[in-house]
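Respectively, the protein sequence lines represent chains V and X.
Here the working numbering is used: the first sequence runs in plain steps of one and ends on residue 282.
Here the working numbering is used: the second sequence runs in plain steps of one and ends on residue 1472.
Beta carbons: idealized from backbone N, C-alpha and C, even for Gly.
Since the structure is predicted, the reported quantities are computational estimates derived from the model, not experimental observations.
Just below is one structure, and these are the notes that go with it.
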Amino acid sequence: MFKIVKKRVLADVSKLMEVEAPLVARKAQPGQFIILRVDDNGERIPLTIADSDKEKGTITIIFQEVGKTTMQLGALEEGDYLSDFVGPLGQAMELPTTGRIIAVGGGVGIAPVYPKVKAFHEAGMEVISIIGARTADLLILEDEMRAVSKELHVCTDDGTKGHHGFVSDILQKFLDDKSQKIDEIIAVGPLPMMRAVSNQTKPYGVKTMVSLNPIMVDGTGMCGCCRVTVGGQTKFTCVDGPVFDAHEVDFVELTRRGQMYLQEEKVAVDKYEHECRSGGGR
Amino acid sequence: MLDKDQIKQLRRMKEKHPMPEQAPQDRVKNYNEVPFGYDADTAIKEATRCLQCKEAKCVEGCPVEVDIPGFIGLIAEGKFDEGIKKLKEKNNLPAVCGRVCPQESQCEAFCIRGKKGEPVAIGRLERFLADYELAKGVETPPKPPSTGKRVAIVGAGPAGLTAAGDLARMGHEVVLFEAFHATGGVLRYGIPEFRLPKEKVLQREVDYIASLGVDIKTNVVVGKTITIDELFDEEGFQAVFIGTGAGLPMFLNIPGENLNGVFSANEFLTRANLMKAYLFPDYDTPIKLGKKVAVVGAGNVAMDSARTSLRLGAEEVHIVYRRSDKEMPARAEEIEHAKEEGVVFNLLTNPVKIIGDENGWVKGMECIRMELGEPDDSGRARPVPIKGSEFIFDVDTIVIAIGQSPNPLIPQTTSDLEISRWGTIEADEEGATSRKGVYAGGDIVTGAATVILAMGAGKVAARAMDNYLKTL
């Protein structure tokens, strides 16, 4: 059992939790993820390691309540326990040591971008960060991102905070500015956003990395559920990724595979909400 | 008790006592175990068929060296409590073995009774004793004095559980690390409930291993959470056994394999067994299954996938296999069960392409007919495509069950460990690897094989490790 030692509501449905997992914390590196199960009937879901603290032996996860499992997770409080928590899984991200880097985080994707930017910052590199959300209330980790970025650009789709528009608008300005070379772009967010950024940067030939979050079961390369075509080859996100070169990723296939269980996800949410309303649960 | 005439008659009886089982039309609608097992009366009668050979050949066919005539003789005398003790002297997982061992190619293949008629039903008798004990309550043997030595076991599958149990019984302090949230390895994620009940059988035998003093730690991916090097240098273990199995799915590498509706058998069975997708939405993990399923391959994993598909509600389930029925690697019993349940066998048929609909879901599989040619490296006739015989198989779900390869996590993260070109760990006949104190056994050494061979390797390695630990 793994204890939730801290919980913070970042935005309406975005929550942060610190979970006691000393073995995982000892090894966690930026880019890696964990898999958790809320309870004995639970599914295994992957979540990016947003932060880790070796001394305290904790791992920070940030999630948006989008399905049954994340809703159930969000309903837990400090002092509650998770059945299972395993990691760190996946490859650590390769950190360039020189150059100019732009990090782009969309919505809950700001959470997985943060540890990467923090790692760059700790390595003494300057990162330009662009974060965005649908509306100001959904914007997460603004202060944290500001603390580790050289510049932070904020945008909201509805203009309630920062630039009125998309992260791509701001990114475009940097791409158009020929006076300063961009060495690498890291973009994490919902699939459509990562796909858009990838399409946007491709003509400029700027190396663009994305962190993928497909459906997984075991997370150790055993099942192949998370397979994705990268550069024409099948890769397993859980062991070969989760960070890949965006320009090589087959986003059409990835999007399609992500929708395989839409129907079942709805069934599970409906059942959960019904149980919550009737005060039951299991 | 049986009288002399009855004994005489049984000694002449050519066939095994049949195993009562669920009727095919009933069992495809549930996940309950198919065979019911012998009752005491039948077990005594079947045990009486054993001739109690002085030099029993059957024992030679047992990878874990069970005293087969010994425990069978005790059953014949109605001494079940002594029988199970005898059995468990060598086998820590008898209820599992009695169900999933391929006895026909091991102990029973050597049985003298098999020369004229059927061999003694050793597997069924083993299961009888194990179930007898599970029903009345499992006894834990007294703890041996501690040696003060610490051993780590990596992987709670058949090899790891066996090694862990044996080493604990030798007095060592044993910690067993498992990557999943539950123990059992392939016994948990691979073999379906209807062949090996998880709570009633597997969990009870794992509990027994734990009761021997084995400290089981789930959710630890050795190679990621902690490395073998760290187990020695930081955690103070003096020996390590690696039993991480052959967990990587093989794909066909044909176009369309990433379409929605194509599963590796590992994914399919893991969802169904470990995650209990057949109980969705009471359990959270779903499994997406269409109406017409093709399972590619003809080993035990393929049969398990096909039979699971039927139980999940598929209307039609096909085995697609590129060789003929003679080469099918599955156990005869599994093939028979699948056929009885209505699985259709498409032999000498090889997939060449998977076809998707406009939304990216499988709608068919292009196959080509094959014929058998000269034997290949494996000694089996090589299947050769018949030109122009391509046809479209109309299916909406495909399960690829053509084998598994070794998990590379540990080979990649352990120093001084010799690895073969197939990715398996190099180990001698006692399980010793190129690195001092590190032993390995099961599929990670041999490539994908059977539960009992993995258990045998765990047993042999445990003995070698015990000898090694004595030298420290």
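Proximity of residue i and residue j at Cβ, strictly below 9 Å
i, j, result
"Gly221 (chain V)", "Leu1409 (chain X)", "yes"
"Ala123 (chain V)", "Thr160 (chain V)", "no"
"Lys6 (chain V)", "Glu78 (chain V)", "yes"
"Asp240 (chain V)", "Val230 (chain V)", "yes"
"Ala1294 (chain X)", "Phe1393 (chain X)", "yes"
"Ile1254 (chain X)", "Tyr1439 (chain X)", "no"
"Ala284 (chain V)", "Ile186 (chain V)", "The first residue shown for chain V is 1 and the last is 282, placing residue 284 (chain V) beyond what the model contains."
"Val1395 (chain X)", "Gly1442 (chain X)", "no"
"Met1455 (chain X)", "Ala1121 (chain X)", "no"
"Pro1145 (chain X)", "Arg1169 (chain X)", "no"
C-alpha gap between residue i and residue j, whole angstroms
i, j, result
"Phe120 (chain V)", "Leu95 (chain V)", "7 Å"
"Phe1251 (chain X)", "Gly1184 (chain X)", "24 Å"
"Val9 (chain V)", "Met17 (chain V)", "9 Å"
"Glu1046 (chain X)", "Pro1020 (chain X)", "14 Å"
"Val1301 (chain X)", "Ala1330 (chain X)", "8 Å"
"Ile182 (chain V)", "Leu191 (chain V)", "23 Å"
"Lys173 (chain V)", "Thr201 (chain V)", "12 Å"
"Lys973 (chain X)", "Phe1345 (chain X)", "Residue 973 (chain X) cannot be examined here, being either before or after the span of chain X that is shown, 1001 to 1472."
"Lys1276 (chain X)", "Thr1285 (chain X)", "7 Å"
"Leu1289 (chain X)", "Val1296 (chain X)", "15 Å"
"Asp1282 (chain X)", "Arg44 (chain V)", "15 Å"
"Met194 (chain V)", "Asn1266 (chain X)", "30 Å"
"Arg282 (chain V)", "Lys68 (chain V)", "Confidence at Arg282 (chain V) is low in this model, with a pLDDT of 47, below 50, so its placement is unreliable and no value can be given for it."
"Met1013 (chain X)", "Arg1049 (chain X)", "7 Å"
"Arg37 (chain V)", "Ala1272 (chain X)", "16 Å"
"Ala25 (chain V)", "Pro88 (chain V)", "8 Å"
"Thr234 (chain V)", "Val228 (chain V)", "6 Å"
"Lys1054 (chain X)", "Val1221 (chain X)", "47 Å"
"Arg1027 (chain X)", "Glu1193 (chain X)", "12 Å"
"Asp80 (chain V)", "Met1 (chain V)", "9 Å"
"Ala1457 (chain X)", "Lys1224 (chain X)", "25 Å"
"Arg1380 (chain X)", "Lys1057 (chain X)", "28 Å"
"Arg257 (chain V)", "Glu265 (chain V)", "14 Å"
"Gly1299 (chain X)", "Gly90 (chain V)", "31 Å"
"Leu1269 (chain X)", "Asp1428 (chain X)", "32 Å"
Of the residues the options, the one placed nearest residue i, counting alpha carbons only
i, options, result
"Ser168 (chain V)", "V:Ala133, V:Lys150, V:Val5 and V:Glu144", "V:Ala133"
"Ile1191 (chain X)", "X:Glu1334, X:Ala1135 and X:Ala1294", "X:Glu1334"
"Met1370 (chain X)", "X:Gln1404, X:Ser1324 and X:Gly1364", "X:Ser1324"
"Ala1239 (chain X)", "X:Ala1156, X:Leu1310, X:Val1186 and X:Leu1167", "X:Leu1167"
"Ala1164 (chain X)", "X:Thr1471, X:Ser1415 and X:Leu1212", "X:Leu1212"
"Gln1052 (chain X)", "X:Thr1042, X:Gly1037, X:Phe1071 and X:Ala1040", "X:Phe1071"
"Val1214 (chain X)", "X:Arg1195, X:Leu1002, X:Ile1398 and X:Thr1162", "X:Thr1162"
"Ala966 (chain X)", "X:Arg1011, X:Arg1169, X:Glu1065 and X:Cys1367", "Because residue 966 (chain X) is not part of the residues shown, which for chain X are 1001 to 1472, the question remains open."
"Met1303 (chain X)", "X:Val1343, X:Leu1279 and X:Ala1432", "X:Val1343"
"Asn1091 (chain X)", "X:Pro1102, X:Gly1117, X:Cys1062 and X:Lys1116", "X:Cys1062"
"Gly1431 (chain X)", "X:Val1451, X:Pro1406 and X:Ala1464", "X:Ala1464"
"Gly105 (chain V)", "V:Ile130, V:Ile59, V:Leu141 and V:Asp158", "V:Ile130"
"Pro1024 (chain X)", "X:Glu1341, X:Ser1378 and X:Gly1447", "X:Glu1341"
"Val1154 (chain X)", "X:Gln1203, X:Ile1068 and X:Thr1244", "X:Thr1244"
Listed by chain order, chain X residues near residue i by CB distance under 8 Å
i, result
"Tyr81 (chain V)", "Per Cβ cutoff of 8 Å: no residues; Tyr81 (chain V) is ~13 Å from chain X at best."
"Pro88 (chain V)", "Lys1224 and Thr1225"
"Val24 (chain V)", "Thr1225"
"Lys271 (chain V)", "Pro1281"
Per-residue contacts from residue i into chain X (C-beta, under 7 Å)
i, result
"Asn41 (chain V)", "Asp1282, Tyr1283 and Asp1284"
"Thr229 (chain V)", "Asn1258"
"Asp84 (chain V)", "His1181 and Asn1219"
"Met260 (chain V)", "Asn1260 and Lys1288"
Per-residue contacts from residue i into chain V (C-beta, under 7 Å)
i, result
"Ser1264 (chain X)", "Cys223 and Gly224"
"Gly1247 (chain X)", "Met222"
Contacts that residue i makes with chain V (C-beta to C-beta distance below 9 Å)
i, result
"Glu1267 (chain X)", "Val217, Asp218, Met222, Cys223, Gly224 and Cys225"
"His943 (chain X)", "Missing from the structure shown is residue 943 (chain X); chain X here goes from 1001 to 1472 and no further."
"Val1451 (chain X)", "Residues of chain V passing the Cβ test: none, with the nearest at roughly 17 Å."
"Gly1213 (chain X)", "Ordered by position in chain V, no residue passes the 9 Å Cβ test against Gly1213 (chain X), which lies about 22 Å from the chain."
Under 9 Å from the C-beta of residue i: neighbouring residues of chain X
i, result
"Val267 (chain V)", "Phe1280, Pro1281 and Pro1286"
Contact set between residue i and chain V, taken where Cβ atoms lie within less than 8 Å
i, result
"Gly1190 (chain X)", "Going along chain V, no residue has its Cβ under 8 Å from Gly1190 (chain X), so there is no contact; the nearest lies around 10 Å."
The segment 1128-1146 of chain X in contact with the segment 1091-1109 of chain X per 3-pair CB rule at 8 Å: Using a Cβ-Cβ distance cut-off of 8 Å, the segment 1128-1146 of chain X and the segment 1091-1109 of chain X are in contact, since at least three pairs of beta carbons, one from each stretch, lie closer than that value.
Decide if the segment 1236-1250 of chain X is in contact with the segment 219-238 of chain V; the criterion is three or more beta carbon pairs, one per stretch, under 8 Å apart. yes
Are three or more beta carbon pairs between the segment 1331-1350 of chain X and the segment 1407-1422 of chain X nearer than 8 Å? no
I want to know whether the segment 1070-1087 of chain X touches the segment 1106-1117 of chain X - three or more CB-CB distances under 8 Å. no
Below 8 Å, how does it come out for the segment 201-214 of chain V and the segment 1221-1236 of chain X: are there three or more Cβ pairs, yes or no? no
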